[in-house]
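Read the structure below first, then the notes.
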Amino acid sequence: MKKNKIFNDLAYMKLVKNILENDEFTKRENFEHHINKSVYDHCLYVSYYSYKIAKKLHLDEKSAAIGGLLHDFYDEPWICNIEKKNFFEKHGFVHAKKSLLNSKKHFSNLIDKKVENIILRHMFPLNIIPPKYMESWIVSFVDKYTSLEIFLKPKYIPIYLGIKKGGKNER
Ligand SMILES: [Fe+2]
Ligand SMILES: [Fe+2]
1 MKKNKIFNDL
11 AYMKLVKNIL
21 ENDEFTKREN
31 FEHHINKSVY
41 DHCLYVSYYS
51 YKIAKKLHLD
61 EKSAAIGGLL
71 HDFYDEPWIC
81 NIEKKNFFEK
91 HGFVHAKKSL
101 LNSKKHFSNL
111 IDKKVENIIL
121 RHMFPLNIIP
131 PKYMESWIVS
141 FVDKYTSLEI
151 FLKPKYIPIY
161 LGIKKGGKNE
171 R
């Protein structure tokens with residue numbers, strides 16, 4: 001799907017415009033997520049597909065849109081994981097918590113119990129506590145589905161999970 005199609009969906013944009021135009025959030029246009037895709041684009045697609053699914057199922061599409069957009073609102077691109085860290089401090093295990101902290105800092109008015117759960121539990125089953133709401137399951141599933149492109153370059157998988165050291169030169 002083209003990004004413009006998403007930007008032209010006015011009902012969706014009404015829910016997330018403030019996030020998409022936020023200076024801190026737009027910095028993620030320069031964070032590489034997977035092969036040639038920024039964290040910004042990844043989150044936009046996860047948010048939009050989750051929004052569409054939630055709407056179709058007559059669930060809370062607003063929380064799905066917001067939680068989907070903020071689920072990877074962490075501080076540094078995982079590709080730059082060059083610091084030596086304990087296993088459970090690696091990106092795959094801790095970035096959901098960091099994303100929630102950042103979301104509360106920058107968008108406190110948009111974070112309720114459900115959005116919090118969507119962000120915090122999106123890495124299930126790597127983070128063992130399962131999602132609590134249907135909308136959290138949807139975002140977690142859409143995130144995995146849209147991240148399948150990583151399997152096109154399997155050497156990225158251990159870096160993504162934070163099991164292996166990454167770095168700009170490994171591309
Ligand atoms: Fe994530
Ligand atoms: Fe993600």
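If you count the sequence shown from 1, position 133 lands on 133 in the numbering used here, and the numbers rise without skipping.
A virtual CB, placed ideally from N, CA and C, is assigned to each residue, including glycine.
Answer with buried or exposed for residue i, where buried requires no fewer than 16 other C-beta atoms within 10 angstroms of its C-beta.
i: I19; result: buried
i: S108; result: exposed
i: P130; result: exposed
i: E76; result: exposed
i: Y156; result: buried
i: L126; result: exposed
i: K90; result: buried
i: L15; result: buried
i: E61; result: buried
i: F151; result: exposed
Does the distance between the C-beta of residue i and the nearest non-hydrogen atom of ligand 2 fall short of 7 Å?
i: H34; result: no
i: V46; result: yes
i: S136; result: no
i: S147; result: yes
Beta-carbon separation of residue i and residue j under 8 Å?
i: S50; j: V142; result: yes
i: L10; j: E135; result: no
i: I138; j: I53; result: yes
i: H34; j: E149; result: yes
i: N22; j: H106; result: yes
i: H122; j: S103; result: no
Please check the pair residue i and residue j, which I expect to be a contact at CB under 8 Å, by giving their CB distance rounded to whole angstroms.
i: Y133; j: S99; result: Contact doesn't hold; Cβ gap of about 17 Å is too wide.
i: T146; j: Y48; result: Their Cβ separation, rounded to whole angstroms, is 10 Å, which puts T146 and Y48 out of contact at 8 Å.
i: N119; j: A96; result: Sequence check: residue 119 is Ile here, not Asn. I119 to A96, Cβ: 6 Å. Contact.
i: D26; j: Y12; result: The sequence given here has Thr at residue 26, not Asp. So it is not a contact: roughly 18 Å between Cβ atoms.
Flag residue i as yes when its Cβ comes closer than 7 Å to any non-hydrogen atom of ligand 1, and as no otherwise.
i: D72; result: yes
i: A96; result: yes
i: D41; result: no
i: D75; result: no
i: D143; result: yes
i: H106; result: no
i: M1; result: no
Does the beta-carbon of residue i, which I'm using as the reference point, lie nearer than 7 Å to any heavy atom of ligand 4?
i: S50; result: This structure simply doesn't include ligand 4; it includes ligand 1 and ligand 2 instead.
request  = Could you tell me whether the segment 110 to 119 touches the segment 63 to 72, using the rule of 3 or more Cβ pairs below 8 Å?
outcome  = Yes, the segment 110 to 119 is in contact with the segment 63 to 72.
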